[in-house]
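The next block holds one structure in the form of structure tokens; read it before the comments.
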Amino acid sequence: MSDLGLSGPQRAARWVSVALRHVVQLVGVVLGIAVVNFFLLRLAPGDAAQVIAGESGGASAAYLAALRQQFGLDQPLYVQFFKYLGHLAHLDLGYSFREGMPVAELIWHRVPATLLLMGAAVLLAALVGVMLGALAAWYAGRWVDVVISALSLLCFATPLFWTGLMLVVVFSVWLDWLPVGGMQTISSGLNGWAHVVDVIHHLILPAVTLALFYVATYARLIRATIIEVRREDYVRTAIARGVRPWRLFRVHVLRNALIPFVTMLGMQIGSVIGGAVVVETVFSWPGLGRLAFDALVRRDLNVLLGILLCSSVLVVLVNWATDAVNRWLDPRIV
């Protein structure tokens, strides 16, 4: 049942019911993800003690045992799991023995960089993808459509790391227009707007690299959806009534074509986070993706568990926002 035809109190009660259902779903999702991630990572071969011993060139059995006791790795797996759940219930993500600080604090320091990269990439991909898809649909079957479709297929088929490396070669090595990596110029001492411009300067290549794949995906989706919507009866009725072409496209065609686009946008946030791991590694971007890669190499499982948990919560929250936007675009959606 949609919200159409409901009174004010009924609509409010319905929204409260939806919010409570979402909270219950969030708790279930977080618990399920915590269980799966914990056992997958703990059952993998190797641990932090072995990595530390390897970095030091070797270690005795007594030293390894002392390290495992210090990290709590000598306890049975179920004991470690229930301790982890107990800490999680108190919003404690554990302690990173490799970084020497709490996991929550470590993640908190890296979150802004990842959110900046993801936000810029998603915004760029959405704007360019919608414009290219709408343009291809408007000129369907003509050379503009053919060129956009070919470029979309090329971007869709190119791996992220290869795209990033080629952009670095062209714009950093050959043309020397943009920095190779990092988030800001080291020891620049910039403040205010100069610092903002410097960060944007470093953001361009990583954001474009991450966005190109999704530009191709969104352009193809918008093109197909607009062509399908233009064949609907209500669009033909609007044409017969003499609705102006731009108003017809903006109000009747594009608005309805955005519904599957918004749904896909929300569903792909998880893959955007995965892509951020590759992009942040290529460009030395100091975000959660780079932190996750380093934690995986160092077997810092507490950090990995914290990042996976926070990423999962972010995906769930974005999907809630997607549902809300879809209801705004079409109130008939339950």
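Numbered per full-length UniProt numbering, the sequence shown finishes at 334, counting up by one with no gaps. Even for Gly, the Cβ is constructed at its ideal location relative to N, Cα and C. Keep in mind the model is a prediction, meaning the values are calculated, not measured.
Segments of 4+ residues assigned as alpha helix (DSSP H) that fall wholly inside the segment 207 to 255: Scanning the segment 207 to 255 for uninterrupted alpha helix (DSSP H) segments of 4 residues or longer gives 233 to 240, listed from N- to C-terminal end.
Host alpha helix (DSSP H) of Phe-156 (start-end): Note, Phe-156: alpha helix (DSSP H), 143 to 157.
Three-state secondary structure (DSSP) of Ser-96: Ser-96 carries a strand assignment under DSSP once its states are collapsed to helix, strand and coil.
Met-1 burial status per 10 Å Cβ neighbour count (16 or more: buried): Residue confidence for Met-1 is low, a pLDDT of 46 falling below 50, so the modelled location carries little weight; the figure read from the coordinates is stated next. Burial call: exposed.
Between the CA atoms of Val-313 and Ile-307 - distance to the nearest angstrom: Between the alpha carbons of Ile-307 and Val-313 lies a distance of about 10 Å.
Check whether Leu-117 and Trp-285 have beta carbons under 8 Å apart: Taking 8 Å as the Cβ cut-off, Leu-117 and Trp-285 qualify as a contacting pair.
Helix, strand or coil at Met-131 [DSSP, three-state]: Here Met-131 sits in helix by DSSP.
4 or more residues per run - each alpha helix (DSSP H) lying fully within the segment 295 to 330: Counting only runs of 4 or more, we get 301 to 329.
Cβ pair count under 8 Å reaching 3, the segment 162 to 181 against the segment 214 to 230: Touching, no, given that fewer than three Cβ pairs across the two stretches are closer than 8 Å.
Contact belief for Leu-132 with Ala-219 at Cβ below 8 Å, rounded distance in angstroms: So it is a contact: roughly 4 Å between Cβ atoms.
Beta-carbon proximity of Pro-206 to Val-279, cut-off 8 Å: Going by C-beta atoms, Pro-206 is nearer than 8 Å to Val-279.
Own chain, CB closer than 6 Å to Ala-104, minus 5 neighbours either side, in chain order: Leaving aside the five residues that flank Ala-104 on each side, the residues in its chain whose CB is nearer than 6 Å to its CB run, in chain order, Leu-93.
For Pro-102, the residue or residues it bridges with in DSSP: Tyr-95.
Residue from Ile-222, Val-243, Leu-190, Gly-274 whose Cα sits closest to the Cα of Ile-259: Closest option to Ile-259, Cα to Cα, is Ile-222.
Coarse secondary structure for Ile-204, derived from DSSP in three states: Here Ile-204 sits in helix by DSSP.
C-alpha gap between Leu-106 and Trp-246, whole angstroms: C-alpha separation (whole angstroms): 50 Å.
C-beta contact flag for Ala-136 and Asp-145 at 8 Å: The Cβ atoms of Ala-136 and Asp-145 sit closer than 8 Å to each other.
Local conformation of Ala-113 per DSSP, three classes: In the structure shown, Ala-113 sits in a helix (DSSP, three-state: H, G or I).
Where Met-183 falls, given that 16 or more other Cβ within 10 Å makes a residue buried: A residue is called buried once 16 or more other Cβ atoms fall within 10 Å of its Cβ, and Met-183 is buried on that count.
Alpha carbon of Gly-100 to alpha carbon of Val-303, nearest angstrom: Roughly 11 Å separates the two Cα atoms.
Supposed close pair Ile-52, Leu-67 - CB separation, criterion 8 Å: With a Cβ gap of about 6 Å, Ile-52 and Leu-67 count as contacting.
Within 8 Å, strictly: CB atoms of Val-262 and Asn-326: A distance below 8 Å separates the beta carbons of Val-262 and Asn-326.
Per-residue DSSP class, three states only, for Tyr-139: Collapsing the DSSP output to three states places Tyr-139 in coil.
Meets three-Cβ-pair contact criterion under 8 Å: the segment 16 to 33 and the segment 69 to 76: The segment 16 to 33 makes no contact with the segment 69 to 76, as fewer than three CB pairs between them are under 8 Å.
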